[in-house]
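Peer 1: This is the structure I want to talk about, given as structure tokens.
There are 2 protein chains.
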Amino acid sequence: MTPFADRLTDAVLALRAPACVGLDPHLDRLPAPLMAGAGGREALAAAARTFCLGVIDVITGVVPSVKPQVAFFEALGAPGVAALEDVVHAARDAGLVVVLDAKRGDIGSTARAYVQGTLAADGPLGADSVTLSPYLGTESLAPFLGATDEGAGVFVLVRTSNPGAAAWQHGADATDGIAGQVADWITASNTTRLGAHRFGPVGAVIGATLPKEAPLWRARMPHAWFLVPGYGAQGASATDCRGHAREDGLGALVVSARGVLYPSAGRAGDDWKDGVLARAGAFAEDLRRNLLG
Amino acid sequence: MTPFADRLTDAVLALRAPACVGLDPHLDRLPAPLMAGAGGREALAAAARTFCLGVIDVITGVVPSVKPQVAFFEALGAPGVAALEDVVHAARDAGLVVVLDAKRGDIGSTARAYVQGTLAADGPLGADSVTLSPYLGTESLAPFLGATDEGAGVFVLVRTSNPGAAAWQHGADATDGIAGQVADWITASNTTRLGAHRFGPVGAVIGATLPKEAPLWRARMPHAWFLVPGYGAQGASATDCRGHAREDGLGALVVSARGVLYPSAGRAGDDWKDGVLARAGAFAEDLRRNLLG
Chain A
1 MTPFADRLTD AVLALRAPAC VGLDPHLDRL PAPLMAGAGG REALAAAART
51 FCLGVIDVIT GVVPSVKPQV AFFEALGAPG VAALEDVVHA ARDAGLVVVL
101 DAKRGDIGST ARAYVQGTLA ADGPLGADSV TLSPYLGTES LAPFLGATDE
151 GAGVFVLVRT SNPGAAAWQH GADATDGIAG QVADWITASN TTRLGAHRFG
201 PVGAVIGATL PKEAPLWRAR MPHAWFLVPG YGAQGASATD CRGHAREDGL
251 GALVVSARGV LYPSAGRAGD DWKDGVLARA GAFAEDLRRN LLG
Chain B
1 MTPFADRLTD AVLALRAPAC VGLDPHLDRL PAPLMAGAGG REALAAAART
51 FCLGVIDVIT GVVPSVKPQV AFFEALGAPG VAALEDVVHA ARDAGLVVVL
101 DAKRGDIGST ARAYVQGTLA ADGPLGADSV TLSPYLGTES LAPFLGATDE
151 GAGVFVLVRT SNPGAAAWQH GADATDGIAG QVADWITASN TTRLGAHRFG
201 PVGAVIGATL PKEAPLWRAR MPHAWFLVPG YGAQGASATD CRGHAREDGL
251 GALVVSARGV LYPSAGRAGD DWKDGVLARA GAFAEDLRRN LLG
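Protein sequences appear in the order of chains A and B. With my numbering, letter number 238 in the first sequence gets 238, and the count goes up by one each step, no holes. With my numbering, letter number 63 in the second sequence gets 63, and the count goes up by one each step, no holes.
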């Protein structure tokens with residue numbers, strides 16, 4: 001299989017939009033027509049499935065990537081997880097690059113079970129990539145390198161966009177502390193795995209709300225795709241993400257979830273797909289102009 | 001509802017055994033009779049369910065707590081998650097204190113979705129407690145405090161038992177770095193939430209393989225129950241866990257999974273429950289003698 005970083009880069013270049021739409025099926029924001037009569041977890045999971053499949057349908061050809069957030073599906077139990085499987089499979093069938101947002105992290109045989117549950121081609125999801133939380137150390141990340149050698153990708157949390165993250169992720173300087181050590185592991189892992197576009201399969205999560213830090217992280221991880229949350233709803237703009245990218249504008253996969261999925265207030269009505277399409281188009285165009293223009 | 005720490009402490013005292021059996025349904029170790037003809041994820045999930053329900057049946061009254069590892073269930077997709085729901089509900093019905101080992105961590109509405117999916121009484125699992133990974137900072141932990149105020153508990157990763165953990169969790173001293181900061185957050189959270197036994201609802205994961213560090217962590221988190229993995233298969237003994245406990249011997253919930261579930265080699269046969277019962281009894285007795293004796 002084509003290496004993950006090449007698939008992602010090619011998909012971004014084909015649409016000229018380093019955009020990833022987060023699939024966060026908030027039950028209190030889903031379009032009103034989908035919620036009619038939905039009680040119980042089975043019916044709510046069906047509404048989440050219908051919504052996400054509809055989103056995938058309208059954004060295909062507009063953005064190259066989607067990021068299903070597993071927490072919203074898991075909150076609905078087994079029916080929700082069954083819906084997640086359908087959503088991931090539909091996204092892959094549509095040619096979208098799937099970033100499974102699960103922030104998993106464990107060691108040994110448990111880590112291998114997480115590989116099976118998220119990335120493995122013969123597993124229930126077979127996602128293109130997954131987000132990982134590195135608190136447990138290199139032993140929690142290394143088991144995923146085998147999957148990257150078979151064409152998958154990962155995005156490891158390095159510096160997140162929430163205000164409280166700095167105190168624990170930083171040392172005295174931005175790149176001291178655990179975040180800097182994780183970054184160095186990412187760079188070492190990518191160096192021996194570079195694809196055609198000079199990116200490796202091990203990406204990093206770097207918040208969009210950190211425009212001053214971003215160039216430091218780009219220099220420290222020259223071959224990593226960055227997954228960049230915090231655009232829109234969390235207050236960051238496309239220009240805030242320039243320092244996350246390489247000089248050629250590639251390397252920053254910017255995420256928007258609520259800003260694309262939902263109107264600014266309330267629930268959408270029968271024309272909900274039109275709204276998603278319009279907002280996804282504006283999101284892609286904003287990134288195109290400011291990052292790749 | 002009785003606060004989590006009091007439920008756990010009372011359960012440990014009732015059996016005089018601070019023991020937690022990990023429920024890790026390794027497909028390559030499940031008893032041979034359960035695997036006869038099992039192919040496909042539905043059948044494999046059924047085997048995992050039957051095994052875990054059988055383990056719960058025989059260890060009730062021997063140990064006070066179980067720790068289902070979600071990764072092994074998620075590896076089987078939606079049927080595996082349905083099995084996990086049955087296992088958690090059966091354990092709660094049997095009066096076992098459930099530690100859901102999920103190591104979740106995210107922020108905002110995603111964190112709240114994880115609360116719903118793991119601890120919420122009206123959620124799919126309704127576990128007594130869940131393990132959390134703190135990389136994202138206090139915003140990833142604080143949403144769970146609401147659930148603790150309704151009777152649930154959490155165990156936050158602080159110092160894990162794997163050899164590579166120290167480099168990222170430590171600063172120059174053992175309690176410097178991110179681990180020490182997480183510990184201080186735990187202590188601050190417990191101080192206003194102490195139960196009858198002077199424990200709060202926010203526990204810490206401290207590996208059994210760290211007997212020299214353990215007293216430092218106990219002093220820094222005087223009111224936290226410690227979840228202590230690493231006994232047996234990872235090389236630590238019951239006496240290695242003494243420094244994890246308070247002077248009265250309480251406060252260290254020691255975990256054994258493979259050492260209780262499976263024979264030392266190969267698959268068990270038709271008498272597999274007898275083996276689980278014998279090993280669980282020996283595990284509980286070892287902790288009783290060395291920690292509470």
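Ideal Cβ placement from N, Cα and C applies to all residues, glycine included. It should be emphasised that the depicted structure is a prediction, and the values quoted were computed from it without experimental measurement.
Taking the alpha carbon of B/I206 as the reference point, which residue from B/P215, B/R198, B/T9 has its own alpha carbon closest?
Peer 2: For B/I206, the nearest C-alpha among the options comes from B/P215.
Peer 1: Where does A/V62 sit, in a helix, a strand or coil, going by DSSP?
Peer 2: Coil, per DSSP.
Peer 1: Taking C-alpha atoms, which residue in A/A5, A/L34, A/V63 lies nearest to A/A17?
Peer 2: Here the closest residue by C-alpha is A/V63.
Peer 1: The alpha helix (DSSP H) that contains B/S133, what's its start and end?
Peer 2: Here B/S133 belongs to no alpha helix (DSSP H), and DSSP marks it neither H nor E.
Peer 1: Determine which residues share a DSSP beta bridge with A/S256 and list them.
Peer 2: According to DSSP, A/S256 bridges with A/V21.
Peer 1: Examine chain B for any beta-carbon lying closer than 9 Å to the beta-carbon of A/S189, and answer yes or no.
Peer 2: So, not an interface residue.
Peer 1: For the alpha helix (DSSP H) that B/I206 lies in, which residues bound it at each end?
Peer 2: Premise fails: B/I206 lies in the beta strand (DSSP E), 202–206, not in any alpha helix (DSSP H).
Peer 1: For A/I206, go through chain B and note every residue whose CB falls closer than 8 Å to its CB, in chain order.
Peer 2: Those within 8 Å of A/I206 in chain B number zero; the least Cβ separation is about 13 Å.
Peer 1: Considering only the alpha carbon of each residue, which of A/A268, A/W272, A/C241, A/Y262 lies closest to A/R289?
Peer 2: When only C-alpha atoms are compared, the closest one is A/C241.
Peer 1: For A/L136 and chain B, any beta-carbon pair shorter than 9 Å?
Peer 2: True, the Cβ-Cβ gap to chain B drops below 9 Å.
Peer 1: Chain A beta carbons: is any one of them nearer than 9 Å to that of B/W217?
Peer 2: So no, B/W217 is outside the interface.
Peer 1: Tell me which residues of the region 91–118 of chain A have at least one Cβ-Cβ distance to chain B shorter than 7 Å, keeping chain order.
Peer 2: Those residues of the region 91–118 of chain A that come within reach of chain B (Cβ to Cβ, closer than 7 Å) are K103, G105, D106, I107, S109, T110, A113, Y114, Q116, G117.
Peer 1: Determine the extent of the beta strand (DSSP E) in which B/D101 is found, giving its start and end residues.
Peer 2: B/D101 -> beta strand (DSSP E) spans 97–104.
Peer 1: Can you check which of these residues, B/T239, B/I59, B/S65, B/D24, is closest to B/A45 by C-alpha distance?
Peer 2: The shortest Cα separation from B/A45 among B/T239, B/I59, B/S65, B/D24 belongs to B/D24.
Peer 1: Enumerate in chain order the residues of its own chain whose CB-to-CB distance from A/T239 is below 6 Å, with the five nearest sequence positions on each side excluded.
Peer 2: So the qualifying residues of the chain are N290.
Peer 1: Just how far apart, CA to CA, sit A/D128 and A/D271?
Peer 2: Cα-Cα distance, rounded: 31 Å.
Peer 1: Taking CB distances under 9 Å as the criterion, tell me whether B/L157 reaches chain A.
Peer 2: It does: the Cβ of B/L157 has a partner Cβ on chain A nearer than 9 Å.
Peer 1: Beta carbon of A/G232, beta carbon of A/R258: below 9 Å?
Peer 2: Going by C-beta atoms, A/G232 is nearer than 9 Å to A/R258.
Peer 1: Strictly under 9 Å for the Cβ-Cβ distance: is B/A268 near chain A by that measure?
Peer 2: No, B/A268 lies away from the interface with chain A (no Cβ there is under 9 Å from its Cβ).
Peer 1: Measure from the C-beta of A/T175 to each C-beta in chain B and report whether the shortest distance is under 9 Å.
Peer 2: No, A/T175 lies away from the interface with chain B (no Cβ there is under 9 Å from its Cβ).
Peer 1: For the region 75–87 of chain A, which residues have a beta carbon sitting closer than 9 Å to at least one beta carbon of chain B?
Peer 2: Listed by position, the residues of the region 75–87 of chain A near chain B (Cβ gap below 9 Å) are A75, L76, G77, A78, P79, G80, V81, A82, A83, L84, E85.
Peer 1: Evaluate the contact criterion for the region 47–61 of chain B versus the region 38–52 of chain A: three or more CB pairs, one atom per stretch, below 8 Å.
Peer 2: Touching, no, given that fewer than three Cβ pairs across the two stretches are closer than 8 Å.
Peer 1: Between B/D10 and B/V66, what straight-line distance do the alpha-carbon atoms span, to the nearest angstrom?
Peer 2: Their backbone Cα atoms lie some 15 Å apart in a straight line.
Peer 1: With respect to the alpha helix (DSSP H) encompassing A/F72, which residues constitute its N-terminal and C-terminal limits?
Peer 2: Residues 70–74.
Peer 1: Does A/H366 have its Cβ less than 9 Å from a Cβ in chain B?
Peer 2: Given a span of 1 to 293 for chain A in the structure shown, any question on residue 366 of chain A remains unanswerable.
Peer 1: In chain B, which residues lie with their C-beta within 7 Å of the C-beta of A/F72?
Peer 2: Neighbours of A/F72 on chain B, chain order: A113.
Peer 1: Sorted by chain position, which residues of the same chain lie with C-beta nearer than 8 Å to A/G146's C-beta, five sequence neighbours on each side aside?
Peer 2: Around A/G146: V115.
Peer 1: Less than 7 Å between C-beta atoms, sequence neighbours within five positions excluded: which residues of the same chain meet that for A/W225?
Peer 2: If we look at A/W225 and ignore the five residues flanking it on each side, its Cβ neighbours are A5, L8, F199, G203, G251, L253.
Peer 1: Is the separation between the beta-carbon of A/L136 and that of B/N162 shorter than 9 Å?
Peer 2: Cβ distance < 9 Å, so A/L136 and B/N162 count as in contact.
Peer 1: List the DSSP bridge partners of B/G153.
Peer 2: Partner(s): B/S129.
Peer 1: How would you write the range of the alpha helix (DSSP H) that B/L84 sits in, first residue to last?
Peer 2: Start and end: 77–93.
Peer 1: Say whether chain A places a C-beta atom closer than 9 Å to the C-beta of B/D128.
Peer 2: So, not an interface residue.
Peer 1: Quick one: give me the first and last residue of the beta strand (DSSP E) that A/L227 is part of.
Peer 2: 226–228 is the span of the beta strand (DSSP E), which, as asked, contains A/L227.
Peer 1: When the Cα of B/A179 is compared with those of A/A183, A/W168, A/G108, which residue comes out closest?
Peer 2: Of the candidates A/A183, A/W168, A/G108, the one whose C-alpha sits nearest the C-alpha of B/A179 is A/W168.
Peer 1: Comparing alpha-carbon positions, which option in B/A174, B/D184, B/L27 lies nearest B/L210?
Peer 2: Nearest C-alpha to B/L210: B/A174.
Peer 1: Rounded to the nearest angstrom, what separates B/I59 and B/P33 at their Cα positions?
Peer 2: Cα-Cα distance, rounded: 20 Å.
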